[in-house]
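Novice: There's a structure below that I have some questions on.
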Ligand SMILES: [Zn+2]
């Protein structure tokens with residue numbers, strides 16, 4: 034699934050398209066940039082989120 038990052042607050046959104054507004058900071062969807070991969074570049078809390086979502090696979 035495509036990942037989107039809010040350039041204003043760093044919020045990560047998962048979806049085909051970015052949300053109309055960023056939930057935490059209210060920035061418009063133009064503030065979202067696509068993330069191709071590069072998990073290591075994400076803030077640590079975002080990496081933790083992704084690790085948690087992968088737990089189902091590694092079980
Ligand atoms: Zn934001």
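In this note's numbering, the protein residues as written are 34 to 92.
We put the CB at the ideal spot given by N, CA and C, even for glycine.
Whole-angstrom Cβ separation of residue 40 and residue 64, contact assumed at under 8 Å?
Specialist: About 5 Å separates the two Cβ atoms, so the contact holds.
Novice: Using a strict less-than 6 Å threshold between each residue's beta carbon and the heavy atoms of ligand 1, what residues do you get?
Specialist: Result (chain order): 39, 41, 42, 44, 55, 57, 58 and 60.
Novice: Look at the alpha carbon of residue 42 and the alpha carbon of residue 58, and state the distance between them as a whole number of angstroms.
Specialist: C-alpha separation (whole angstroms): 7 Å.
Novice: Taking all protein chains shown into account, decide if residue 51 is buried (16 or more other Cβ within 10 angstroms of its Cβ) or exposed.
Specialist: Residue 51 is buried by the Cβ-count criterion.
Novice: What's the gap between the Cα of residue 54 and the Cα of residue 69?
Specialist: If I take the Cα positions, the gap works out to 21 Å.
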